[in-house]
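Residue numbers (the UniProt record's numbering): 1 to 624. For each residue, glycine too, the CB sits at the ideal point set by N, CA and C. Only one structure is covered here, and it is reproduced in the block below.
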């Protein structure tokens with residue numbers, strides 16, 4: 001069966017299609033209600049099914065005879081160490097840590113925040129929560145205490161799981177002081193904090209609240225998988241919102257397992273026993289979907305890598321991992337290979353390693369620029385496959401469906417909609433536009449399994465953010481077009497969320513931080529093109545009358561404030577003092593034009609602009 005027939009079946013006979021896919025995972029009680037509508041095209045998948053996600057990931061593979069196969073390989077160039085776990089060994093560690101959490105009162109429905117570096121204990125903690133039916137929320141270890149506090153306050157976790165430190169290139173970041181500061185800032189106070197001690201830093205434990213990971217494990221009794229409903233939440237993952245307050249994307253158990261298992265075949269053509277490497281972080285959706293869950297659902301060996309594409313130790317780092325572990329499938333962000341290409345433009349490092357095990361390379365998280373695509377294709381000779389998805393969807397909205405039919409690639413295109421996603425390009429009223437014409441990328445409801453079911457504790461925000469903007473559609477917030485052949489081209493965000501090295505960050509939130517400086521009268525932050533990271537934020541600021549501060553000093557202070565409130569991941573390094581901001585007569589800042597000026601693009605001066613002359617002044621500041 002080819003792509004076109006599979007896609008049509010997924011849209012025209014969706015219940016039969018997804019009922020068939022559901023048979024490929026292990027259920028405690030198989031669903032009979034495949035789709036239950038709720039309201040206006042939104043609903044629930046596999047509503048009466050019962051399962052346990054950890055059981056699907058680990059125990060089911062052991063029952064299938066894969067107990068002695070490697071499940072997880074940990075490769076850490078920053079600590080010069082490696083470790084591997086078979087399915088039996090990983091299941092035993094997860095069951096034991098689940099028992100340790102259970103002994104501390106964690107049970108089905110409780111929330112647990114995980115603030116961990118890229119170590120096996122991060123994946124073990126996630127799977128242990130799933131084993132108990134507890135809802136985990138992983139917060140990227142690079143986020144500042146304030147960002148962690150916001151998430152603690154929103155998710156109200158019973159426990160926080162962390163490590164004594166994370167390790168970056170040539171520096172150790174102590175995590176425990178950040179966790180302590182976040183708990184102090186949050187109105188919600190978790191009952192306990194579990195700390196995994198790493199030799200690079202010692203954590204101070206607070207009596208009565210903090211517990212050592214190894215001590216709890218030594219006292220624990222293994223826990224069995226707890227049955228949960230398909231529709232019960234598996235995890236909350238926070239993504240940037242335009243208001244500055246992050247949105248807690250809620251993923252269910254049943255739809256998630258079915259969709260991710262299907263995606264491993266459809267998108268990656270992965271088979272049991274394949275070595276699959278998603279070079280990302282468990283703090284991001286890629287790490288959830290394709291480091292921890294999907295590869296294990298599919299019976300693969302997954303790689304958890306604590307390092308960078310360059311400088312750990314050099315631009316050959318990825319090729320070394322592929323050689324050492326005989327990686328078959330690699331998935332990362334274009335930023336990673338832009339960094340490799342910058343340091344090794346002729347791919348000399350590639351010649352040092354045997355990467356013959358690698359079958360194909362997948363890229364997502366941001367737009368795959370044609371030069372990076374061509375460089376990879378030229379030097380590896382492998383299929384280079386772009387695909388497009390979001391934190392909210394959890395798996396690819398568009399892909400080259402290699403597990404069904406390898407299609408011709410087009411540089412700059414994520415190829416075609418994945419089965420289950422009725423992708424359309426529409427105007428603001430929801431009317432489909434002509435091929436080649438740009439508009440909003442939207443998905444006709446209902447969404448397929450595996451996508452977000454709501455925003456944590458805020459159904460209204462879920463509807464207003466995703467379903468209300470374009471009636472009968474899921475609004476992706478991305479713009480683009482579909483060509484005559486049905487290929488989808490994503491051109492960028494239509495809101496103020498920017499994509500920095502594959503990480504979605506709110507410029508609105510950065511503006512709040514910048515505006516809080518006592519010398520700032522007004523500001524705006526826009527995302528401008530960057531050859532390495534895709535986009536980086538740049539601030540334009542107006543100084544208050546009478547304020548006396550050196551511009552370099554002000555910039556340093558603003559950079560430090562953004563780093564402290566949001567984290568180094570924001571890459572906010574430039575703040576330009578201006579006399580005024582370009583606005584419409586109604587007072588709206590013309591952010592899009594500022595971005596076009598910064599990127600050297602042509603732009604049209606809108607008739608609503610208050611003073612056209614200001615654009616020349618802004619241009620001088622941005623490009624001078």
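8 angstroms contact criterion, which residue i and residue j should meet: CB distance rounded
{"i": "residue 249", "j": "residue 237", "result": "5 angstroms"}
{"i": "residue 504", "j": "residue 497", "result": "5 angstroms"}
{"i": "residue 35", "j": "residue 50", "result": "The Cβ separation is near 17 angstroms, so there is no contact."}
{"i": "residue 417", "j": "residue 397", "result": "7 angstroms"}
{"i": "residue 234", "j": "residue 251", "result": "5 angstroms"}
{"i": "residue 279", "j": "residue 336", "result": "6 angstroms"}
Simplified DSSP assignment, three categories, for residue i
{"i": "residue 460", "result": "helix"}
{"i": "residue 72", "result": "strand"}
{"i": "residue 129", "result": "helix"}
{"i": "residue 196", "result": "strand"}
{"i": "residue 90", "result": "helix"}
{"i": "residue 237", "result": "strand"}
{"i": "residue 256", "result": "helix"}
{"i": "residue 262", "result": "helix"}
{"i": "residue 386", "result": "strand"}
{"i": "residue 37", "result": "strand"}
{"i": "residue 487", "result": "coil"}
{"i": "residue 165", "result": "strand"}
{"i": "residue 358", "result": "coil"}
{"i": "residue 268", "result": "coil"}
{"i": "residue 282", "result": "coil"}
{"i": "residue 152", "result": "helix"}
{"i": "residue 454", "result": "strand"}
{"i": "residue 24", "result": "coil"}
{"i": "residue 159", "result": "strand"}
{"i": "residue 63", "result": "helix"}
{"i": "residue 248", "result": "strand"}
{"i": "residue 605", "result": "coil"}
{"i": "residue 173", "result": "strand"}
{"i": "residue 58", "result": "helix"}
{"i": "residue 296", "result": "helix"}
First through last residue of the alpha helix (DSSP H) which encompasses residue i
{"i": "residue 78", "result": "Run containing residue 78: none; DSSP gives neither H nor E here."}
{"i": "residue 378", "result": "370-380"}
{"i": "residue 592", "result": "591-598"}
{"i": "residue 619", "result": "614-623"}
{"i": "residue 136", "result": "Careful: residue 136 lies outside any alpha helix (DSSP H), inside the beta strand (DSSP E) at 135-138."}
{"i": "residue 631", "result": "Since the first residue of the chain shown is 1 and the last is 624, residue 631 is not available in this structure."}
Beta strand (DSSP E) segment containing residue i, residue limits
{"i": "residue 473", "result": "473-482"}
{"i": "residue 438", "result": "Per DSSP, residue 438 belongs to no beta strand (DSSP E) and is neither H nor E."}
{"i": "residue 43", "result": "42-45"}
{"i": "residue 367", "result": "First-last for residue 367: undefined, no H or E at that position."}
{"i": "residue 302", "result": "301-305"}
{"i": "residue 112", "result": "111-115"}
{"i": "residue 498", "result": "497-500"}
{"i": "residue 504", "result": "503-506"}
Contacts around residue i, its chain only, beta-carbon distance under 6 angstroms, and the 5 residues preceding and following it disregarded
{"i": "residue 480", "result": "441, 489, 490, 491"}
{"i": "residue 169", "result": "311"}
{"i": "residue 368", "result": "334, 386"}
{"i": "residue 163", "result": "116, 117, 175, 196, 198"}
{"i": "residue 365", "result": "333, 502"}
{"i": "residue 127", "result": "54, 94"}
{"i": "residue 547", "result": "519"}
{"i": "residue 76", "result": "306"}
{"i": "residue 161", "result": "114, 125, 194"}
{"i": "residue 551", "result": "577"}
{"i": "residue 402", "result": "269"}
Own chain residues within Cβ distance below 7 angstroms of residue i, not counting five before or after
{"i": "residue 435", "result": "482, 483, 484"}
{"i": "residue 355", "result": "319, 322, 323"}
{"i": "residue 10", "result": "17, 419, 420"}
Same chain, Cβ closer than 8 angstroms to residue i, neighbours up to 5 away in sequence not counted
{"i": "residue 139", "result": "113, 114, 115, 147, 148, 151, 238, 283"}
{"i": "residue 445", "result": "40, 41, 42, 467, 472, 473, 474"}
{"i": "residue 183", "result": "149, 152, 160, 189, 190, 193"}
Alpha helix (DSSP H) runs wholly inside the UniProt domain "AMP-binding enzyme C-terminal" (509-588), at least 4 long, in chain order: 551-565
Whole runs of the alpha helix (DSSP H) within the stretch 175-231, excluding any shorter than 4 residues: 176-185, 213-219
Inside the stretch 390-445 only - beta strand (DSSP E) runs reaching at least 3 residues: Fully enclosed beta strand (DSSP E) runs of 3 or longer: 422-426, 439-444.
Runs of alpha helix (DSSP H) lying entirely within the stretch 298-354, each at least 4 residues, in chain order: Runs of the alpha helix (DSSP H) lying entirely within the stretch 298-354, each at least 4 residues long, are 317-325, 334-343 in chain order.
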